[in-house]
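Number of protein chains: 2
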Amino acid sequence: MSELTIWTLDWVPKGPRGFVRDLRLRWACEEAGLAYTVKTVPFDDRATNHLDRQAFGQVPYLDDGAVKMFESGAALLYLAGKSEMLMPSDPVEAAETLQWTIAALNSIEMVSVPWWFLDMTGNENKYLTGWLHQRLDHLERIFGERQWLVGGRFTLADLIMADVLRIPAVRSFGERPATEAYVVRMTARPAFKKAHADQMALFEAGDAKRAG
Amino acid sequence: MSELTIWTLDWVPKGPRGFVRDLRLRWACEEAGLAYTVKTVPFDDRATNHLDRQAFGQVPYLDDGAVKMFESGAALLYLAGKSEMLMPSDPVEAAETLQWTIAALNSIEMVSVPWWFLDMTGNENKYLTGWLHQRLDHLERIFGERQWLVGGRFTLADLIMADVLRIPAVRSFGERPATEAYVVRMTARPAFKKAHADQMALFEAGDAKRAG
Chain A
1 MSELTIWTLD
11 WVPKGPRGFV
21 RDLRLRWACE
31 EAGLAYTVKT
41 VPFDDRATNH
51 LDRQAFGQVP
61 YLDDGAVKMF
71 ESGAALLYLA
81 GKSEMLMPSD
91 PVEAAETLQW
101 TIAALNSIEM
111 VSVPWWFLDM
121 TGNENKYLTG
131 WLHQRLDHLE
141 RIFGERQWLV
151 GGRFTLADLI
161 MADVLRIPAV
171 RSFGERPATE
181 AYVVRMTARP
191 AFKKAHADQM
201 ALFEAGDAKR
211 AG
Chain B
213 MSELTIWTLD
223 WVPKGPRGFV
233 RDLRLRWACE
243 EAGLAYTVKT
253 VPFDDRATNH
263 LDRQAFGQVP
273 YLDDGAVKMF
283 ESGAALLYLA
293 GKSEMLMPSD
303 PVEAAETLQW
313 TIAALNSIEM
323 VSVPWWFLDM
333 TGNENKYLTG
343 WLHQRLDHLE
353 RIFGERQWLV
363 GGRFTLADLI
373 MADVLRIPAV
383 RSFGERPATE
393 AYVVRMTARP
403 AFKKAHADQM
413 ALFEAGDAKR
423 AG
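Protein sequence lines correspond, in order, to chains A and B.
FYI, this note's numbering numbers position 128 of the first sequence as 128, with every residue one higher than the one before it.
FYI, this note's numbering numbers position 54 of the second sequence as 266, with every residue one higher than the one before it.
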């Protein structure tokens, strides 16, 4: 059996630490009990030093023997195919897990990431702000009704949705107590904490190497 | 065998006609030879009249017997599970198809849709504009090297990528001849033309009903 390899950067500045998307893949492997190693490409020249593996010059990407893929959302769905824990085998619940996974990527991040990007650069835009409020208000209604997105238990849908919602700027954007409780609950999971600590440790080791 | 039902609106204004996302699902069914019917919810009060089926008040959504799901990207991946034509059975090609499908939704649309939204409302923002140029330039390099995204033939990856790139504002955003040739090639497919014509006919019938 080939071992899973998650590729990320060898170092990033303090700001994005704990939020680089290799964390999603680490978290999924930890939840599912899948063995994996983490390898790195250099932060310097990152825009072009791995275009043969990631078409947009980003991280993470994943190796599993002959399978080599990028896009964290795609790699998560691929990993979920190895684990009933992440992706229910019941066809109705599987479809709902897929639905909410794509909702996190294409209905929430499609608004929250550009909003966050403009917010960070001091370019807040009222149209994006209104759109983000609307989307998050719909989620608040959902989280007011249930603890988990699908099937009364943790699935990949919760992993990706919580990872999208835990971005500090998004998390503090309005008062949404049910959503906040959901994020707290998901990020209290041991698998999340392990993935987070391991990413932080990798980038701290990178500090030492760059200083040395 | 249950019949697939694609749900959309009964009418939209002229602007979005030909671009409402039920078209993606129609296109996929036409390519794969999957039988389907189209049903509608009213355009009026659309923000709240089907929240029990689509959490954000949007269309499309899909029924397949007990399976009921929304998010066009998720519904496409679900439909692709029924068709080797859309999703290769080879594991390496399947992973690449998944990768490029998510790339369309989470690396391209995440930039192009908010950019388009701000552009339409006269709020062009130089940060989003620069980001979109960067992403589309990477794709231009890819399309300069190959005719199809995966495995030397049409897959779901091409369907969704072409649907994302054919938005007029995105299509006319800079000179990218390989990308333009790709969009022309994909939208010349009989399955796309059928899906497009059927959507246009539905909304034209809606005109008559609203006038009546």
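Think of the CB as a built atom: it goes at the ideal place given N, C-alpha and C, for glycine as much as any other residue.
A/Thr8 sits in a strand when the DSSP states are folded into three classes. Between A/Ala95 and B/Tyr290, the gap from beta carbon to beta carbon is short of 7 Å. The continuous alpha helix (DSSP H) containing A/Thr101 extends over residues 91-102. Contact of A/Val164 with chain B is not assigned, every C-beta pair being separated by 7 Å or more. Spatial neighbours of B/Leu344 in its own chain (CB-CB distance under 7 Å, excluding positions within 5 residues in sequence) are listed in chain order as Val323, Ser324, Trp327, Phe385. Residue pairing of A/Lys39 in beta bridges, as defined by DSSP: A/Trp7. In this structure, B/Asp375 is the residue among B/Glu416, B/Ala381, B/Arg388, B/Asp375 with its C-alpha nearest to the C-alpha of B/Ala400. In terms of CA proximity to A/Gln199, A/Phe19 leads the group A/Glu3, A/Phe19, A/Gly15, A/Thr5. Beta-bridge partners assigned by DSSP to A/Leu62: A/Ile6, A/Met69.
With a beta-carbon spacing of about 5 Å, A/Thr37 and A/Thr5 fall inside the 8 Å limit used to define contacts. Identification of chain B residues near A/Gln99 by a Cβ-Cβ cut-off of 7 Å yields Met281, Phe282, Glu283, Ala286, ordered along the chain.
For B/Arg238, no pairing in a beta bridge is given by DSSP.
Rounded to whole angstroms, the Cβ separation of A/Thr101 and A/Leu136 is 18 Å, and the two are not in contact under 8 Å. Identification of residues in the stretch 35-58 of chain A having a C-beta nearer than 7 Å to some C-beta of chain B yields Ala55, Phe56, given in sequence order. In this structure, the alpha-carbon of B/Asp256 lies about 46 Å from that of A/Glu30.
Residues Leu118 of the same chain have their beta carbon placed closer than 7 Å to that of A/Asn125, with the five preceding and five following residues left out of the count.
Of all residues in the stretch 173-197 of chain A, none is placed with a Cβ closer than 7 Å to any Cβ belonging to chain B. Rounded to the nearest angstrom, the gap between the Cα atoms of A/Ala47 and B/Gly424 is 57 Å. When B/Met297, B/Ala417, B/Leu377 are compared, the shortest CA-CA separation from B/Gly364 is found for B/Met297. The alpha carbon of A/Met186 has as its nearest neighbour, out of A/Asp63, A/Tyr127, A/Thr155, the alpha carbon of A/Thr155. The three-state reading of DSSP puts A/Val20 in coil, since its state is none of H, G, I, E or B.
By the rule that beta-carbons nearer than 7 Å mark a contact, B/Glu321 touches chain A. Between B/Ala267 and A/His138, the C-beta gap is smaller than 7 Å, which places the two residues in contact. Per DSSP, reduced to three states, the secondary structure at B/Arg365 is strand.
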